[in-house]
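Colleague: In my numbering, the protein residues as written are 1112 to 1376.
The C-beta atom is built at its ideal place from N, Cα and C for all residues, glycine as well.
All values reported here derive from a predicted model rather than from experimental measurement.
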Ligand SMILES: C[S@@+](CC[C@H](N)C(=O)[O-])C[C@H]1O[C@@H](n2cnc3c(N)ncnc32)[C@H](O)[C@@H]1O
């Protein structure tokens, strides 16, 4: 365990990393990791410059010795023009289309915690099967990405233990984009399996939500096309093919096939 002055110093360093949300959830992220079962992994999907990752790393550093958890981060780490501009406000210089991973490694180096970086498209992401204690998602906000994430990581969630932090869960309220309801639709389709965790941020406009995975969702271990199709209907909140067609989701057929083919590789 770190001493208090070291923790304060690291908290300051973490707060200086440009953030698209992770910094706001500092306490929640640290606490979730500190309380995660030993031997599990923390998976963060969509890390950007590591503002949330730094909080996760502080959480790892605050754990008792001999009770390790490993952090795994997924992102393409390729800077867009908007990201270059945003980082510039915090005096972090990026190049458009440039590889962000070296910058991310530098920013997270002071936290002295091993971090596994998985660089690439989320639609190609894979998981090694280690049980996941904490799952943080700030990127899988559309049905193709979310279904891929569910079928990649979901089978490693531990009933009764895993904490899910879905950072843009309520985004659909702001942009009215029906794709962005996919996380909510899925959670509501399995309301017996996910328990909402109240948080103390007190920010009623917050776009994130936090859940404990309390009972297994069998579909997450599914590996047939039928399982993917059933999952897809749930994230779309539809009853069947006819309902999908009537709702104008016919283009989903193409996305669905792409997700299926990628999961088969
Ligand atoms: C909102 S930002 C994450 C912000 C970060 N969690 C924080 O607290 O500052 C979303 C991240 O997801 C990544 N991302 C989004 N879609 C992706 C995809 N299809 N494949 C790989 N990375 C993706 C982006 O590169 C970006 O870094």
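Assign residue 1357 to one of two classes, buried (16 or more other C-beta atoms within 10 Å of its C-beta) or exposed (fewer than that).
Modeller: Exposed, by the Cβ-count rule.
Colleague: Please state whether DSSP places residue 1320 in a helix, a strand or coil.
Modeller: Strand, per DSSP.
Colleague: Verify whether the separation of the beta carbon atoms of residue 1274 and residue 1308 is less than 8 angstroms.
Modeller: Result yes, Cβ atoms of residue 1274 and residue 1308 sit closer than 8 angstroms.
Colleague: Specify which residues have a beta carbon nearer than 5 angstroms to any heavy atom of ligand 1, listing them in chain order.
Modeller: Those satisfying the condition are, in chain order, 1130, 1131, 1132, 1133, 1157, 1159, 1162, 1163, 1186, 1187, 1232, 1233, 1249, 1250.
Colleague: Do you know offhand how far residue 1231's Cα is from residue 1188's?
Modeller: Rounded to the nearest angstrom, the two C-alpha atoms are 8 angstroms apart.
Colleague: Which residue marks the beginning of the alpha helix (DSSP H) containing residue 1301, and which one marks its end?
Modeller: No alpha helix (DSSP H) contains residue 1301, which DSSP labels as neither H nor E.
Colleague: Sorted by chain position, which residues of the same chain lie with C-beta nearer than 6 angstroms to residue 1333's C-beta, five sequence neighbours on each side aside?
Modeller: Nothing meets the Cβ criterion.
Colleague: Since residue 1280 is in the beta strand (DSSP E), which residue starts that stretch and which ends it?
Modeller: Counting along the chain, residue 1280 falls outside any beta strand (DSSP E), and DSSP gives it neither H nor E.
Colleague: Where are the beta strand (DSSP E) runs, 3 residues long or more, that stay fully inside the stretch 1192-1271, in chain order?
Modeller: 1226-1230, 1243-1248, all fully within the stretch 1192-1271.
Colleague: What span of residues does the beta strand (DSSP E) with residue 1152 cover, start to end?
Modeller: 1152-1156 is the span of the beta strand (DSSP E), which, as asked, contains residue 1152.
Colleague: From 1134, 1272, 1196, pick the residue whose C-alpha is nearest to that of residue 1167; which is it?
Modeller: Selected option, being the one with the closest Cα: 1134.
Colleague: Counting along the chain, where does the beta strand (DSSP E) carrying residue 1120 start and finish?
Modeller: Where residue 1120 is concerned, there is no enclosing beta strand (DSSP E), although the alpha helix (DSSP H) it sits in stretches over 1115-1126.
Colleague: If you draw a straight line from the C-alpha of residue 1373 to the C-alpha of residue 1154, how long is it?
Modeller: Computed Cα separation, rounded: 20 angstroms.
Colleague: In the DSSP output, which residue or residues are listed as bridge partners for residue 1185?
Modeller: Paired residues: 1156, 1229.
Colleague: How is residue 1274 classed by DSSP in three states: helix, strand or coil?
Modeller: Looking at residue 1274 - three-state DSSP - the assignment turns out to be strand.
Colleague: Can you tell me where the alpha helix (DSSP H) holding residue 1149 begins and where it ends?
Modeller: First-last for residue 1149: undefined, no H or E at that position.
Colleague: If you follow the alpha helix (DSSP H) that residue 1171 is part of, which residue opens it and which one closes it?
Modeller: Residues 1162-1172.
Colleague: Quick check: the stretch 1242-1254 against the stretch 1145-1153, are at least 3 beta-carbon pairs closer than 8 angstroms?
Modeller: Yes, they touch.
Colleague: If residue 1325 sits next to residue 1271, beta carbons under 8 angstroms apart, how far is it from one beta carbon to the other, in whole angstroms?
Modeller: Contact holds; Cβ gap of about 6 angstroms.
Colleague: Using the rule of at least 16 other Cβ atoms within 10 Å of the residue's Cβ for burial, across every protein chain shown, is residue 1125 buried or exposed?
Modeller: By the 10 Å Cβ count, residue 1125 comes out buried.
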